[in-house]
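J.: Below: one structure in structure tokens.
Numbering (UniProt numbering), first residue to last: 1 to 247.
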């Protein structure tokens, strides 16, 4: 299992973007939601360690507008986001993530989110995970069959064991700061859904280029983030089609 140096050192980008969706409260869990209220398909987004950052809202808004699905981003860290102090102390930062950012820590809120989606009429969902959230996303495909695919964008804590246990198709979108995921993808290729898995490296981008470290004033960053969103939307479309054809 590995994490990139950039994951634990690069600060978030300053942004004044204003989100277009709504904040809802579900069993004491704040959930950002954007997209059609009557959508039958949804995407659950795991933000990075900086939580509800303007750039991450922007990713959700662009994805929802592009694909027409409901996109939700629960506040899994409940406002307890990475700070400058934490970023300056790697051992302390990793200890913090090990407490608040594990599959065990977030599963109760994931279950609340799934209930919220089902009650609103959603019959299947996919996952986007940034940074630490990417690890959680692939693990959730093992434990909750409601999720039919996951896009791992600039993932941290990459572990081949997660690939071995994956329960749905995976799209890996690492940046130049992430490790080689060849072995990870080779393991996924042996799964029944292996032919659906995809791996696209963005070696001209830094860790976080689609989330809190993205710079939407930079033309190349905008272009590459847009491409990552397009890849994710296309991938999820195939995941949903496969799910429907199996019913």
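A virtual CB, placed ideally from N, CA and C, is assigned to each residue, including glycine.
(1) With DSSP as the reference, please indicate the residues paired to residue 134 in a beta bridge.
(2) With distance defined between alpha-carbon atoms, name the residue in 37, 36, 38 and 59 nearest to residue 284.
(3) If you draw a straight line from the alpha carbon of residue 191 to that of residue 30, how long is it in whole angstroms?
(4) Residue 87 bridges to which residues according to DSSP?
(5) How close, in whole Å, do the beta carbons of residue 138 and residue 124 come, if the pair is a contact with beta carbons under 8 angstroms?
(6) Buried or exposed: where does residue 28 fall if 16 or more other Cβ atoms within 10 Å of its Cβ makes it buried?
(7) Just the Cα atoms here: how many angstroms apart are residue 87 and residue 93?
(8) Taking the alpha-carbon positions, what's the residue 246 to residue 167 distance?
(9) Relative to the C-alpha of residue 234, which residue among 204, 83, 169 and 119 is closest?
(10) Kindly indicate the opening and closing residues of the beta strand (DSSP E) around residue 32.
(11) First and last residue of the alpha helix (DSSP H) that includes residue 41?
(12) Would a C-beta distance cut-off of 8 angstroms place residue 81 and residue 54 closer than the cut-off?
(13) In whole angstroms, what separates the C-alpha of residue 89 from that of residue 96?
(14) My understanding is that residue 117 touches residue 173, with C-beta atoms under 8 angstroms, so please give their C-beta distance in whole angstroms.
(15) CB residue 213 to CB residue 207, shorter than 8 angstroms?
(16) From residue 121 to residue 69, what distance separates their C-alpha atoms?
(17) In its own chain, which residues sit with a C-beta less than 7 angstroms from the C-beta of residue 241, not counting the 5 before and 5 after it?
(18) To test your reading of the DSSP string, which unbroken alpha helix (DSSP H) runs of 4 or more residues are found completely within the region 44 to 116?
(19) What whole-angstrom Cβ distance do residue 286 and residue 56 have, given they're in contact under 8 angstroms?
(20) Is the distance from the Cβ of residue 35 to the Cβ of residue 71 below 8 angstroms?
(21) Assuming residue 148 and residue 243 form a contact by the criterion Cβ under 8 angstroms, report the distance between their Cβ atoms to the nearest whole angstrom.
(22) Do you know offhand how far residue 134's Cα is from residue 26's?
(23) Can you tell me where the alpha helix (DSSP H) with residue 222 in it begins and where it stops?
(24) Would you identify the three-state DSSP class for residue 160, choosing helix, strand or coil?
(25) Please report the distance separating the alpha-carbon of residue 248 from that of residue 127.
T.: Here's the rundown:
(1) Here residue 134 refers to the residue found at position 134 when the chain shown is read from its first residue. None, per the DSSP bridge assignment.
(2) Within the shown structure, residues of the chain are numbered from 1 to 247, placing residue 284 beyond reach of any answer.
(3) Position 191 of the chain shown, counted from the start, is the residue given in the question as residue 191. Position 30 of the chain shown, counted from the start, is the residue given in the question as residue 30. Roughly 35 angstroms separates the two Cα atoms.
(4) Counting from one through the chain shown, the residue named residue 87 turns up at place 87. Paired residues: none, contrary to the question.
(5) Residue mapping note: residue 138 aligns to position 138 of the chain shown, counting from 1. Residue mapping note: residue 124 aligns to position 124 of the chain shown, counting from 1. Wrong, their Cβ atoms sit about 17 angstroms apart, outside the cutoff.
(6) Mapped onto the chain shown, residue 28 falls at position 28. Label assigned to residue 28: exposed.
(7) For the purposes of this step, residue 87 is taken as the residue at position 87 of the chain shown. For the purposes of this step, residue 93 is taken as the residue at position 93 of the chain shown. Computed Cα separation, rounded: 6 angstroms.
(8) Residue numbering aside, residue 246 sits at position 246 when the chain shown is read from its first letter. Residue numbering aside, residue 167 sits at position 167 when the chain shown is read from its first letter. Taking the straight line joining both Cα atoms gives about 15 angstroms.
(9) Counting from 1 along the chain shown, the entry for residue 234 is found at position 234. Out of 204, 83, 169 and 119, 169 has the C-alpha closest to the C-alpha of residue 234.
(10) In the chain shown, counting from the first residue as 1, residue 32 sits at position 32. Here the beta strand (DSSP E) through residue 32 covers 29 to 34.
(11) Taking the first residue of the chain shown as 1, we reach residue 41 at position 41. Careful: residue 41 lies outside any alpha helix (DSSP H), inside the beta strand (DSSP E) at 41 to 46.
(12) As a working mapping, residue 81 is identified with position 81 in the chain shown. As a working mapping, residue 54 is identified with position 54 in the chain shown. No, Cβ-Cβ distance for residue 81 and residue 54 is not below 8 angstroms.
(13) Mapped onto the chain shown, residue 89 falls at position 89. Mapped onto the chain shown, residue 96 falls at position 96. So the two alpha carbons sit approximately 11 angstroms from each other.
(14) Locating residue 117 in the chain shown gives position 117, where the first residue counts as 1. Locating residue 173 in the chain shown gives position 173, where the first residue counts as 1. With 8 angstroms as the limit, residue 117 and residue 173 do not qualify as a contact, their Cβ atoms being about 24 angstroms apart.
(15) By 1-based counting over the chain shown, the position of residue 213 is 213. By 1-based counting over the chain shown, the position of residue 207 is 207. Contact: yes.
(16) On the chain shown, position 121 is the one that residue 121 refers to. On the chain shown, position 69 is the one that residue 69 refers to. Residue 121 and residue 69: Cα-Cα distance of roughly 12 angstroms.
(17) Along the chain shown, read from residue 1 onward, the residue named residue 241 stands at position 241. Here the set comprises nothing.
(18) 54 to 67, 84 to 87 and 90 to 100
(19) The shown model of the chain, from 1 to 247, leaves out residue 286, and the question about it has no answer.
(20) For the purposes of this step, residue 35 is taken as residue 35 along the chain shown, with counting starting at 1. For the purposes of this step, residue 71 is taken as residue 71 along the chain shown, with counting starting at 1. Contact: yes.
(21) Taking the chain shown and counting its residues from 1, the one referred to as residue 148 is at position 148. Taking the chain shown and counting its residues from 1, the one referred to as residue 243 is at position 243. Confirmed, about 5 angstroms.
(22) By 1-based counting over the chain shown, the position of residue 134 is 134. By 1-based counting over the chain shown, the position of residue 26 is 26. Residue 134 and residue 26: Cα-Cα distance of roughly 23 angstroms.
(23) As a first step, residue 222 must be located in the chain shown, where it is residue number 222. Segment 219 to 245, the alpha helix (DSSP H) holding residue 222.
(24) The residue labelled residue 160 in the question sits at position 160 within the chain shown. Residue 160 falls in the helix class under three-state DSSP.
(25) Residue 248 cannot be examined here, being either before or after the span of the chain that is shown, 1 to 247.
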